[in-house]
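Here the sequence shown stands for residues 476 to 812, numbered as in my numbering.
Using N, Cα and C, we set each Cβ at its ideal position, and we do this for glycine too.
A quick note: this is a predicted structure, and the numbers were derived from the prediction, not measured.
The next block holds one structure in the form of structure tokens; read it before the comments.
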Amino acid sequence: MARLARLYVPDQPQHVILRGLDQQPAFVDDQDYELFIDCLKAAARDHHLAVHAWVLMPGAVQLLVTPSDESSLPKAMQAVGRRYVAHFNRRYARRGTLWEGRYRATVIEGERFFLLASRVVELAPVRSHLVTAPEDYRWSSYRHHIGLTVDSLITDHPLYWALGNTPFERQRAYRELCEQPLDERETTQLMQATLKGWVLGSDTYRDWASRSANRRVSPLPRGRPRKVREAPGTPGAGPAGAIGAPTGAAAAAGASQPAAHGAGQPGPHSGVHPAAHPGDQTATPGEGHAGTGSATTSGGNAGGSSSHSSGSQGPGSGSSSDPASGLEERKPGTGTH
Numbered sequence: 476m477a478r479l480a481r482l483y484v485p486d487q488p489q490h491v492i493l494r495g496l497d498q499q500p501a502f503v504d505d506q507d508y509e510l511f512i513d514c515l516k517a518a519a520r521d522h523h524l525a526v527h528a529w530v531l532m533p534g535a536v537q538l539l540v541t542p543s544d545e546s547s548l549p550k551a552m553q554a555v556g557r558r559y560v561a562h563f564n565r566r567y568a569r570r571g572t573l574w575e576g577r578y579r580a581t582v583i584e585g586e587r588f589f590l591l592a593s594r595v596v597e598l599a600p601v602r603s604h605l606v607t608a609p610e611d612y613r614w615s616s617y618r619h620h621i622g623l624t625v626d627s628l629i630t631d632h633p634l635y636w637a638l639g640n641t642p643f644e645r646q647r648a649y650r651e652l653c654e655q656p657l658d659e660r661e662t663t664q665l666m667q668a669t670l671k672g673w674v675l676g677s678d679t680y681r682d683w684a685s686r687s688a689n690r691r692v693s694p695l696p697r698g699r700p701r702k703v704r705e706a707p708g709t710p711g712a713g714p715a716g717a718i719g720a721p722t723g724a725a726a727a728a729g730a731s732q733p734a735a736h737g738a739g740q741p742g743p744h745s746g747v748h749p750a751a752h753p754g755d756q757t758a759t760p761g762e763g764h765a766g767t768g769s770a771t772t773s774g775g776n777a778g779g780s781s782s783h784s785s786g787s788q789g790p791g792s793g794s795s796s797d798p799a800s801g802l803e804e805r806k807p808g809t810g811t812h
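Pasting the structure below:
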């Protein structure tokens, strides 16, 4: 099964996770962290990727970004991976990949989940018990958002700017927001959506995003599609399997019925031949039966009734010991025998 394209919705933020291979550290010392940040700055500039929040931990990287186009994020992450992994392998005399497969990312509804995602990213070192306070961790954008430093990698999002009219108001509001406990249910929703690659937002937002996205934004329903069964007599109900449509032996029996009974052939004990004219009621039971040897081929057709046009018949007059006699009396279209 082919992999889906990287999800992209124009002008919408994305949460990104990049994990180290087999939970091994991707950063050993400050030089590794600094080089990765330099790689990320260059890639974001070259591929027009706005970075709103970031954190580097020993075994994982998390980002909150807004790509400028569909290829912006994939190309930026590819550029970072090539440069940094080459440095790491060369420095530590190793080979192969450093990351656990491809990076994971998803589009999120900004109005509802942007500030949550920013807090999840920057509070990750605290939740992982690396530090007790987020401002004590050097390798994240938290210090920038509370005014302790200026980070040239960061492009502040309009939703961060909406926290206050001045930098001081925004920084204080963001610090107070981060001091509140995270909603664990929404945090789990964010992480699961990112790992699976489906849009995170309300039903209305997903409907809107599906009209602008480069692929479907949510998983397909599980199981096979339900079959639509049409009611009897509905146009198009003829195919096999529809209600009211004959199938199998019933269809075959129905197809052969006109030839067996519609031709006017008598039953095994009929006294009067069905092909006789309405006025021909003088035939005795014996006479009618005796004439069925060859007269049954008439099938009730106009041509087949000529063998009875004289009214009643004598005993045995409808059959002959000569097989050819029956053929001579038969006319084209007189039956199926």
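Comparing the CB of residue i with every heavy atom of the ligand NAP, is any distance shorter than 7 Å?
| i | result |
| --- | --- |
| residue 678 | Because no ligand of any kind appears in the structure shown, any question about the ligand NAP cannot be addressed here. |
I need the DSSP call for residue i, collapsed to helix, strand or coil.
| i | result |
| --- | --- |
| residue 669 | helix |
| residue 628 | coil |
| residue 546 | coil |
| residue 585 | helix |
| residue 636 | helix |
| residue 492 | strand |
| residue 579 | strand |
| residue 598 | coil |
| residue 554 | helix |
| residue 623 | coil |
| residue 605 | coil |
| residue 657 | coil |
| residue 479 | coil |
| residue 675 | strand |
Measure the C-alpha to C-alpha separation of residue i and residue j and round it to an integer number of angstroms.
| i | j | result |
| --- | --- | --- |
| residue 677 | residue 585 | 11 Å |
| residue 570 | residue 513 | 22 Å |
| residue 602 | residue 608 | 10 Å |
| residue 487 | residue 501 | 29 Å |
| residue 674 | residue 580 | 10 Å |
| residue 556 | residue 704 | 53 Å |
| residue 635 | residue 540 | 13 Å |
| residue 610 | residue 530 | 12 Å |
| residue 536 | residue 666 | 13 Å |
| residue 479 | residue 688 | 12 Å |
| residue 645 | residue 639 | 5 Å |
| residue 589 | residue 572 | 31 Å |
| residue 521 | residue 577 | 21 Å |
| residue 582 | residue 594 | 16 Å |
| residue 647 | residue 614 | 21 Å |
| residue 563 | residue 507 | 8 Å |
| residue 542 | residue 518 | 12 Å |
Identify every residue that forms a DSSP beta bridge with residue i.
| i | result |
| --- | --- |
| residue 484 | Bridge partners of residue 484: none, in fact. |
| residue 541 | 525 |
| residue 536 | 493, 531 |
What residue does the beta strand (DSSP E) around residue i start on, and which one ends it?
| i | result |
| --- | --- |
| residue 526 | 524 to 532 |
Buried or exposed: where does residue i fall if 16 or more other Cβ atoms within 10 Å of its Cβ makes it buried?
| i | result |
| --- | --- |
| residue 656 | exposed |
| residue 567 | exposed |
| residue 633 | exposed |
| residue 498 | exposed |
| residue 597 | buried |
| residue 643 | exposed |
| residue 663 | exposed |
| residue 670 | exposed |
| residue 494 | buried |
| residue 790 | In this predicted model, residue 790 has a pLDDT of only 43, less than 50, meaning its place in the structure is not dependable enough to derive any value. |
| residue 626 | buried |
| residue 660 | exposed |
How far does the alpha helix (DSSP H) with residue i in it reach, from first residue to last?
| i | result |
| --- | --- |
| residue 616 | Residue 616 -> no alpha helix (DSSP H), and no H or E assigned at all. |
| residue 683 | 678 to 685 |
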